Structures are given as C-alpha cells and as structure tokens.
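A.B. asks: Sequential numbering from 1425 applies to the sequence shown in the working numbering.
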Amino acid sequence: MEHCGYIKAKQDPDEEKMQFQHGRVKLPGSRTYIHPHTYEDPNQAVRDFAKEIDASSIRIERVIGAGEFGEVCSGRLKLPSKREIYVAIKSLKAGYSEKQRRDFLSEASIMGQFDHPNIIRLEGVVTRCKPVMIITEYMENGSLDTFLKKHDGQFTIIQLVGMMRGIASGMKYLSDMSYVHRDLAARNILVNSNLVCKVSDFGLSRVLEDDPEAAYTTRGGKIPIRWTAPEAIAYRKFTSASDVWSYGIVMWEVVSYGERPYWEMSNQDVIKAIDEGYRLPAPMDCPLVLHQLMLDCWEKCRNDRPKFGQIVNTLDKLIRNPSSLKELANSSVWEDPPSPEFAVSTVEEWLEALKMVQYRDNFTSAGYVTLDSVLYISISELQKLGVTLVGHQRKILSSIQSLHTQGTHVHV
Ligand code: AMP
C-alpha cells in the first residue's frame, strides 16, 4: 500500500532487524506506522490519515483542560447520517507559527493511523477554517493519574488489573505497528465512563516538550526521567522495550493510585539508584505476581524484559484466575508493629527492630552502617549479604519502602 510523496520509514532499524531475526511474519492487514515527518508535505499526511470535519458539525460545550497549543474542550459531533457523539476538541490558539501548526496537526496524522479499542480514537480535524481543531472521542474520566488520585482505594484489584490489561493491549498494538511512544505514563492515559483505559498523547516534538515531567539530560534531550528506561536516558535508545520499562512504572502508578514514582527523590538520585540496582518496592496491598511483572519490565538488559504481547497474556491469566492475586508482596510488614523504622538510626538498630540480627555482621562487614546506606539495596545485594529467604527479603524491602515514605532522605 504505497502512497505517493513520502518514504515509508521505521522508527528504529534495530527493531526491524529484530523482527526478521525472530522470523516474525506480519499479519495480513497489519501496518507499519508512518512518521509524518517522512512526508515532504506534512499537510498531505494530515489529508491521508485524518478526516476533514465541517466546523458546523461541532458544538463546543465547555473547557476541560489545557494543552500546549491551546484549550481542550468537550462538546458534541453530529456527522451526516451518524448519531451524535461526545467528543474532545483541541484547538490551536491564534498567532501560531507554521511549525506550531505542523506539530499540532502531527498528533492527528499519527493518531489517525491507529484503530484499536485502547488507543484514543481520532474523529477528524478542522483545517479549512480557524481555529484549527483536532476532534477525538471523549473520555469522561480524564487522565488516569488524576482519576486514580481522586478514587484512592476504591477499586478492586481485578478492576486495576483490567485497566493495566487495556493499556498493555493498546501498547501491544502500537509496538506491532513499530510505533515507539516514549512518554508512556499514567498522565498520558485517558479513562472513559466504562473504566476503559486508552493510550493518548501522540505528538512529535511536543511528545516530550509539553510534558512537565520531562527534564533536560546532560546530552540535551528532554526526558521524563522517572518513567524512562536507563538505556533511553543514557544514549536515547528508545524502543518498544523502553516503552515496556515505562509500562512497568504505569503498573506501579495504578496499584498505588497515582503515587509519584520514587516519591520526592531527585531525578539524579533516581538515575543513580536505578543504576545501582534499586527498584520501586511493591505498593501497599500489591499482589506479588504484579510486583514481579513490574520487576520484569525493569530488567536492566532490555532484551530480558517481556514483550507487550506476553504482558497481555500474563494479565489475562491473572484475570481468569483471581486467586493468583491473593498473595500480597508486602503482607508480612503489615503484621508487624507499625513502623519500627521511625525509632532507629543505624543498620544495627534497624535489623534488631526487624528481628533480623542474624544478618548484622554481614551488613556491617560489607560497610552498611548508617540507615541511608541501605535505602537502595537490591535483592541481589541482599542475597550476597546472606539474606536468601524470600520472606526475609520481602520484609527488608518493605521496611525500606517505609523508610522512603517516611521521608528519610539520602544524598547520593
Ligand atoms: P493534552 O493536551 O492531550 O495533554 O490534554 C490536556 C488535558 O485535557 C488532559 O490532561 C485531559 O485532562 C484533557 N483531555 C485531553 N483529551 C481528552 C479526551 N479525549 N477526553 C477527555 N479529556 C481529554
């Protein structure tokens, strides 16, 4: 299916190689995403992938948000011989440059290539009159991070896994089309009235520029550090495997009802901790299998991470067999007296409070003396210290989580 006037391009030649190496055959009808910048004339990309809508079919009702390029409103769309539907309307504010118009509309020419229940659906664009608008399906519950914070603790674990399953399914679709998102985070997922989660935010330059979480790296790129895989931070190796890392962070955001990943640690501390093998501990009441899946997504070596297809299958199995979610990752810590961590200031006292003095000498001779020194300890490090029992490892890691949430701050 070749159009004229553009070159068909993959985002990442390595990904393409990988597909051949694994002998994967593309299913008939499955397509590869076409980057709008590969068009000589970006307006042609918009014409190819987005339907032009007559402004008279749209009724704008109220402002629901603010985007980089202007307001986001809700309203209704009534197309001839179709029923009226609720829509979100993004408009490009007056006084834009040609580049801003192009970047604004690039989101539509990307979104318009996708057709999946877990990807935000493009209804069309208005480009023939001003303001220029992008019309998408309306998602009643807004963005996932805000939604979860508002409903803290109110969903069953099966509902939460259902949300994760939806996001993974949307991401599988995107990765099958060789589209790498680069900014997967709960703030970029939208939720409708049926609790269906859909991946959104498909800008080009704007993908990272309008994300308040994105910070400049030493190499000049702008990256949402807490959500991004180490290889993407270090040398901009963005692939579907780095999207999988971000997906693990989204799982953590979901189970913790919108908690900030790594809490108030600085970006530099996060980078260092990850490099030293530290990973986010299980949120409160998190099933063990879900935390294990998160840890798999956060494998240092990107080839060791699961693929989105495998993640969807794993979550489907959990949904079919809810008893698999019963074992909690941090159950032991809640049976203990509350927060012994508060009263302690050395590793020795801490191990005593946890009733684990048997490990004291191993910790001391490895140089773990002050409490700060254990904050980013990894499971493999614990094993080296002789803590081989999974129950003990979990108890220690849960306790470290409490140390973090109590605001113990470490400067690394
Ligand atoms: P964006 O510019 O895409 O980040 O949108 C800004 C805000 O508008 C989002 O955080 C949402 O709260 C809201 N929003 C964007 N698109 C939609 C939509 N399709 N349905 C409902 N709310 C939306």
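Glycine included, each C-beta is placed from N, C-alpha and C at the ideal position.
This one's a predicted model, so the numbers in the text were calculated from it and none came from an experiment.
1) Strictly by DSSP, which residues pair up with M1557?
2) Does the segment 1584-1591 come close enough to the segment 1671-1682 that 3 or more CB-CB pairs lie under 8 Å?
3) Quick one: is L1827 buried, meaning 16 or more other Cβ sit within 10 Å of its Cβ, or exposed?
4) Name the residue from I1735, M1557 and N1616 whose alpha carbon lies nearest to the alpha carbon of R1483.
5) Which two residues bound the contiguous alpha helix (DSSP H) that contains A1469?
6) For A1790, I'd like the list of residues in its chain whose CB is within less than 8 Å of its CB, leaving aside the five on either flank, ordered along the chain.
7) Does the ligand AMP have a heavy atom nearer than 7 Å to the CB of I1591?
8) Do I1544 and the ligand AMP come close, with the Cβ less than 7 Å from some heavy atom?
9) Would you check whether the ligand AMP has a heavy atom nearer than 7 Å to the C-beta of M1718?
10) Considering only DSSP beta bridges, list what P1711 is partnered with.
11) For V1771, report the span of its alpha helix (DSSP H) as first-last.
12) Which term fits V1604, buried or exposed, when burial requires 16 or more other beta carbons within 10 angstroms of its beta carbon?
13) Closest to C1553 by C-alpha separation, out of A1479, T1560 and V1781, would be which residue?
14) Residue range of the alpha helix (DSSP H) that A1658 falls in?
15) Give me, in chain order, the residues of the same chain whose beta-carbon lies closer than 7 Å to that of S1804; leave out the 5 immediate sequence neighbours on both sides.
16) The alpha helix (DSSP H) that contains R1500, what's its start and end?
17) What's the gap between the Cα of A1512 and the Cα of P1685?
18) Thinking C-alpha only, which one of N1745, L1821 and L1614 is nearest D1625?
19) Starting from E1485, trace the beta strand (DSSP E) in both directions and tell me its first and last residue.
20) Kindly give me the distance between the Cβ atoms of E1751 and L1717, rounded to whole angstroms, as I take these residues to be in contact under 8 Å.
21) At the level of alpha carbons, what is the spacing between D1740 and K1596?
22) Nearest to G1494 by CA position, among G1519, I1509, A1706 and R1703, is which residue?
23) Suppose contacts are defined by Cβ-Cβ distances below 8 Å. Is F1662 in contact with R1726 by that definition?
24) What do you get for S1617, buried or exposed, if any count of 16 or more other CB atoms within 10 angstroms of its CB means buried?
25) Using a Cβ-based criterion (distance less than 7 Å to any ligand heavy atom), does D1785 qualify as near the ligand AMP?
26) Excluding five sequence neighbours on each side, which residues of the same chain lie with their C-beta closer than 6 Å to the C-beta of L1821?
27) Helix, strand or coil for E1700 per DSSP?
28) Just checking, does the segment 1520-1534 make contact with the segment 1458-1475 on the three C-beta pairs under 8 Å criterion?
29) Within the continuous alpha helix (DSSP H) that includes K1622, where are the two ends?
30) Run through DSSP, which three-state label would E1637 get?
31) Is it true that the CB of L1501 sits closer than 8 Å to the CB of E1464?
32) Once you ignore the five residues that flank G1672 on each side, which residues in its own chain have a CB closer than 6 Å to its CB?
33) Buried or exposed, going by whether 16 or more other CB atoms sit within 10 Å of the CB of H1575?
34) Please state the DSSP three-state secondary structure of I1841.
35) For the ligand AMP, I want to know if G1491 counts as a neighbour, meaning its beta carbon is within less than 7 Å of at least one of the ligand's heavy atoms.
C.D. replies: Reading off the structure:
1) By one-based count along the sequence shown, residue 1557 stands at place 133. DSSP lists S1515 and V1550 as the beta-bridge partner residues of M1557.
2) With the cut-off at 8 Å, the segment 1671-1682 and the segment 1584-1591 touch.
3) Along the sequence shown, one-based indexing puts residue 1827 at 403. With 16 or more neighbouring CB atoms inside 10 Å of its own CB, L1827 falls in the buried class.
4) Your numbering for residue 1483 matches position 59 in the sequence shown. Comparing C-alpha distances from R1483 to each of I1735, M1557 and N1616 shows the shortest one belongs to M1557.
5) To locate residue 1469, count along the sequence shown from 1; it is residue 45. P1466 to F1473 is the extent of the alpha helix (DSSP H) around A1469.
6) Residue mapping note: residue 1790 aligns to position 366 of the sequence shown, counting from 1. In chain order, K1808 and L1809 place their CB closer than 8 Å to the CB of A1790, counting only its own chain and leaving out the 5 sequence neighbours on each side.
7) The residue given as residue 1591 occupies position 167 in the sequence shown. Not under cutoff, so the answer is no.
8) In the sequence shown, counting from the first residue as 1, residue 1544 sits at position 120. Yes.
9) Here residue 1718 is taken as the residue at index 294 of the sequence shown, counted from 1. The ligand AMP never approaches M1718 closely enough for any of its heavy atoms to be under 7 Å from the residue's Cβ.
10) Start at 1 with the first residue of the sequence shown, and residue 1711 comes out as number 287. Bridge partners of P1711: L1752.
11) Mapped onto the sequence shown, residue 1771 falls at position 347. Boundaries of the alpha helix (DSSP H) around V1771: V1771 to A1777.
12) Looking up residue 1604 in the sequence shown gives position 180. Here V1604 is buried, its C-beta having at least 16 other C-beta atoms within 10 Å.
13) Mapped onto the sequence shown, residue 1553 falls at position 129. The candidate whose alpha carbon is nearest that of C1553 is A1479.
14) By 1-based counting over the sequence shown, the position of residue 1658 is 234. Note, A1658: alpha helix (DSSP H), P1654 to Y1659.
15) Residue numbering aside, residue 1804 sits at position 380 when the sequence shown is read from its first letter. Residues of the same chain with a CB within less than 7 Å of the CB of S1804, apart from the 5 flanking positions on each side, are G1701 in chain order.
16) Counted from its first residue, the sequence shown places residue 1500 at position 76. Taken as a continuous stretch (DSSP letters only), R1500 belongs to no alpha helix (DSSP H), being part of the beta strand (DSSP E) at E1495 to L1501.
17) Residue 1512 sits at position 88 when you count from the first residue of the sequence shown. Residue 1685 sits at position 261 when you count from the first residue of the sequence shown. Between the alpha carbons of A1512 and P1685 lies a distance of about 29 Å.
18) Within the sequence shown, numbered from 1, the residue matching residue 1625 stands at position 201. For the residues N1745, L1821 and L1614, the minimum Cα distance to D1625 belongs to L1614.
19) Along the sequence shown, read from residue 1 onward, the residue named residue 1485 stands at position 61. Counting along the chain, the beta strand (DSSP E) containing E1485 begins and ends at I1482 to A1490.
20) Within the sequence shown, numbered from 1, the residue matching residue 1751 stands at position 327. Within the sequence shown, numbered from 1, the residue matching residue 1717 stands at position 293. About 13 Å separates the beta carbon of E1751 from that of L1717, a gap too long to meet the 8 Å contact definition.
21) In the sequence shown, the residue the question calls residue 1740 occupies position 316. In the sequence shown, the residue the question calls residue 1596 occupies position 172. The straight-line gap separating the alpha-carbon atoms of D1740 and K1596 is approximately 14 Å.
22) By one-based count along the sequence shown, residue 1494 stands at place 70. Closest by alpha carbon: G1519.
23) Position 238 of the sequence shown holds residue 1662. Position 302 of the sequence shown holds residue 1726. No, the pair does not count as a contact, with Cβ atoms beyond the cut-off.
24) To locate residue 1617, count along the sequence shown from 1; it is residue 193. Exposed: under 16 other Cβ atoms inside 10 Å.
25) Translated into the one-based positions of the sequence shown, residue 1785 becomes position 361. In this structure, D1785 has its beta carbon at no less than 7 Å from each heavy atom of the ligand AMP.
26) Here residue 1821 refers to the residue found at position 397 when the sequence shown is read from its first residue. The beta carbon of L1821 lies closer than 6 Å to those of P1705 in the same chain, with the five residues before and after it left out.
27) Within the sequence shown, residue 1700 is the residue found at index 276, counting from 1. E1700 falls in the coil class under three-state DSSP.
28) Three or more beta-carbon pairs drawn from the segment 1520-1534 and the segment 1458-1475 are found closer than 8 Å, and the two stretches are therefore classed as touching.
29) Residue mapping note: residue 1622 aligns to position 198 of the sequence shown, counting from 1. Annotation: K1622 is outside any alpha helix (DSSP H); the continuous beta strand (DSSP E) that includes it extends over C1621 to V1623.
30) Working through the sequence shown from its first residue, we reach residue 1637 at position 213. E1637 sits in coil when the DSSP states are folded into three classes, being neither helix nor strand.
31) Here residue 1464 is taken as the residue at index 40 of the sequence shown, counted from 1. Here residue 1501 is taken as the residue at index 77 of the sequence shown, counted from 1. No, Cβ-Cβ distance for E1464 and L1501 is not below 8 Å.
32) Numbered from 1 along the sequence shown, position 248 holds the residue referred to as residue 1672. Scanning its chain for C-beta atoms nearer than 6 Å, with the 5 sequence neighbours on each side dropped, one finds around G1672 the residues M1718, C1721 and W1722, in chain order.
33) The residue labelled residue 1575 in the question sits at position 151 within the sequence shown. Answer is exposed; the Cβ neighbour count stays below 16.
34) Absent from the structure is residue 1841, since the part of the chain shown begins at 1425 and ends at 1836.
35) As a position in the sequence shown, residue 1491 is number 67, starting the count at 1. Yes.
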